[in-house]
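Report on the following structure.
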Amino acid sequence: MRAQHYQVLSSLTQTGLGVIKTSPALTPAVFERAQSSAAFIVGLIKNAKFRAIVNALTSREIDKVPHNIAETLPTPGVRKTWIGCVHNLVQIQRRAVYLYERHQKTFRDLLHLPAAASHSRYFHDRAGPKMAKSKFEYVRQFEADDPCLPNCWLVVRIDGKAFHKFTDTHHYMKPNDERGLSLMTRAAQTVMSEFNEIVLSYGQSDEYSFVFHKNCKLYNRRASKIMTNVVSLFASSFTLYWPRFFNSQDLQYPPSFDGRVVLYPSDENLRDYLSWRQADCHINNLYNTCFWKLVQDKGLTPNRAADRLKGTLSSDKNELLFSEFNINYNNLPELFRKGSVLIRPKTTDGESLSSERSINNHSKGHEGKTSKKPGSIVLHTDIIGKQFWEDNPHILNSKI
Ligand SMILES: Nc1nc2c(ncn2[C@@H]2O[C@H](COP(=O)(O)OP(=O)(O)OP(=O)(O)O)[C@@H](O)[C@H]2O)c(=O)[nH]1
Ligand SMILES: [Mg+2]
């Protein structure tokens with residue numbers, strides 16, 4: 001290990017101090033990857049063009065590395081390596097801090113380097129009492145770390161498990177049940193008030209997507225920790241608020257939701273993702289509206305209704321609704337056609353309302369009370385076109 005490597009690695013480990021509290025122990029495989037990542041980055045230091053970036057990366061400002069840096073790197077191979085390196089180094093930061101806090105070991109010990117260097121004060125001066133360890137402690141090393149890449153929009157999407165059955169059992173209106181959709185939005189608002197880092201949420205049918213700010217540091221960007229917290233809070237809120245929306249109708253069994261984390265490296269990718277979900281809402285709603293009209297009003301069997309709609313275009317379905325049921329699709333409620341968009345209120349200076357200044361304007365019984373948690377505004381509007389984003393530039397441009 002060259003002195004230069006050591007400097008880079010040790011400054012990286014110091015960066016994490018005070019931020020990260022626990023993390024699984026360092027495994028040889030991760031350590032090896034981190035070593036080669038450091039070597040790669042040290043290679044870049046020699047190139048003046050990248051010195052500023054590497055400085056940012058090795059200081060406390062990993063999030064200030066320009067998000068498009070990968071695009072400026074010379075070849076696709078180097079770009080790929082760069083992304084992998086940032087990922088590996090974030091991992092080693094955490095693991096080194098974990099080791100420091102749990103075992104009072106120095107990062108230098110891990111590298112098998114000879115004694116003292118000036119920055120070792122981080123590891124020696126603050127030595128506390130040794131923690132009691134059992135012989136079983138080693139199993140912690142089997143835990144996998146799953147940090148999300150920095151500078152990417154982080155989307156958690158939750159989706160109801162077997163909601164075709166859940167909605168049937170609970171006699172939801174077909175194709176849309178306003179009570180059910182509003183309950184989903186109430187649960188999403190709870191999630192938004194708990195996690196200030198969410199800049200926008202979008203929901204339709206039995207799903208909700210939560211967009212976390214690309215620079216959010218929540219749980220050190222650990223994917224599982226973020227996703228499981230969101231999905232469990234959503235599910236418990238759904239159950240808690242059920243009676244508010246379904247009155248005397250009891251829940252027959254506990255509903256559950258799956259969750260996933262998806263990262264989007266550019267604003268364009270994020271907008272395309274949200275457009276995809278809203279287009280899905282429109283396509284399904286148009287189909288379902290026709291389908292249930294044919295079944296409920298014309299008495300067709302589900303199979304015959306499906307046959308009737310097979311191969312039809314959007315324009316055919318619009319025409320069918322108009323000519324056979326006198327329904328202008330565009331006049332149906334926007335809640336059903338566009339889904340629900342939750343955003344933070346804007347301040348007069350155009351910024352998102354910060355947690356200290358905000359009003360939680362949606363929890364029943366708390367109207368108008370100042371709260372530490374920011375509230376959210378519910379819209380049923382188009383987010384595919386430019387207009388929404390031009391009217392609300394704070395969503396993508398806010399700083400945290
Ligand atoms: N009647 C009614 N059903 C709804 C409503 N919202 C969602 N659903 C039902 O929920 C289903 C959601 O679709 P999916 O998520 O693809 O299917 P799922 O049954 O939940 O299955 P998995 O998500 O794979 O577990 C729809 O197909 C409908 O059956 C509603 O407002 N009214
Ligand atoms: Mg589902």
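Counted from 1, the sequence shown has number 243 at position 243 by the UniProt record's numbering; the numbering is strictly sequential. Think of the CB as a built atom: it goes at the ideal place given N, C-alpha and C, for glycine as much as any other residue.
- Taken from the Cβ of residue 245, every heavy atom of ligand 2 lies 7 Å or farther away.
- Within the region 187 to 223, complete beta strand (DSSP E) segments of at least 3 residues are found at 198 to 204 and 207 to 212, given in chain order.
- Nearest C-alpha to residue 338 among 77, 324 and 204: 204.
- Sixteen is the threshold: when 16 or more other Cβ atoms of the shown chains lie within 10 Å of the Cβ of residue 274, as they do, the residue is buried.
- Between the region 246 to 266 and the region 279 to 297 there are fewer than three C-beta pairs closer than 8 Å, too few to call the two in contact.
- Between residue 208 and residue 184, the beta carbon gap of about 6 Å places them in contact (Cβ cut-off 8 Å).
- Within the DSSP secondary-structure output, residue 308 pairs in no beta bridge.
- Taking all protein chains shown into account, residue 171 has fewer than 16 neighbouring C-beta atoms within 10 Å of its C-beta and is therefore exposed.
- Inclusion of residue 151 and residue 214 in the CB contact set at 8 Å is warranted, their separation being smaller than that value.
- Comparing alpha-carbon positions, the option among 394, 140, 211 and 243 lying closest to residue 277 turns out to be 211.
- About 7 Å separates the Cβ atoms of residue 200 and residue 341, confirming a contact at the 8 Å cut-off.
- In the three-state scheme derived from DSSP, where H, G and I count as helix and E and B as strand, residue 133 is classed as coil.
- Nearest in C-alpha terms to residue 219, of all of 134, 315, 147 and 298, is 147.
- Ligand 2 has a heavy atom closer than 7 Å to the beta-carbon of residue 161.
- Ranked by how close their Cα comes to the Cα of residue 234, the residues 161, 289, 305 and 302 have 161 in first place.
- Contact annotation: residue 258 and residue 384 have beta-carbon atoms that are not nearer than 8 Å.
- Within 10 angstroms of the beta-carbon of residue 227 lie 16 or more other beta-carbons, which makes it buried.
- Taking residue 287 as the centre and dropping the five residues before and after it, the same chain places the C-beta of 309 and 317 closer than 8 Å to its C-beta, in chain order.
- Distance from the CA of residue 312 to the CA of residue 321, rounded to the nearest whole angstrom, comes to 13 Å.
- Residue 389 and residue 272 have their C-alpha atoms some 12 Å from each other.
- C-alpha of residue 197 to C-alpha of residue 167: approximately 31 Å in a straight line.
- When C-alpha distances from residue 221 are compared across 328, 154 and 282, the shortest belongs to 154.
- Counting along the chain, residue 168 sits inside the alpha helix (DSSP H) bounded by residues 163 to 169.
- For the set 290, 223 and 326, the Cα lying nearest the Cα of residue 306 is the one of 290.
- At least one heavy atom of ligand 1 is found less than 7 Å from the C-beta of residue 172.
- At a Cβ-Cβ threshold of 8 Å, residue 345 and residue 299 do not count as neighbours.
- In the three-state DSSP reduction, residue 340 falls in the strand class (E or B).
- In the three-state scheme derived from DSSP, where H, G and I count as helix and E and B as strand, residue 391 is classed as helix.
- Counting only residues of its own chain and dropping the five nearest sequence neighbours on each side, residue 182 has a CB closer than 7 Å to the CB of 245.
- Between residue 303 and residue 283, the alpha-carbon positions lie close to 19 Å from each other.
- At a threshold of 7 Å, residue 206 counts as near ligand 2, since its beta carbon sits closer than that to one of the ligand's heavy atoms.
- Look at residue 250: its beta carbon is at least 7 Å from all of the heavy atoms in ligand 1.
- Cβ neighbours of residue 237 within its own chain (closer than 6 Å, five residues either side excluded): 187 and 190.
- Between residue 394 and residue 335, the beta carbon gap of about 24 Å keeps them out of contact (Cβ cut-off 8 Å).
- Around the beta-carbon of residue 193, 16 or more other beta-carbon atoms lie within 10 Å, marking it buried.
- The alpha-carbon separation between residue 139 and residue 83 amounts to approximately 29 Å.
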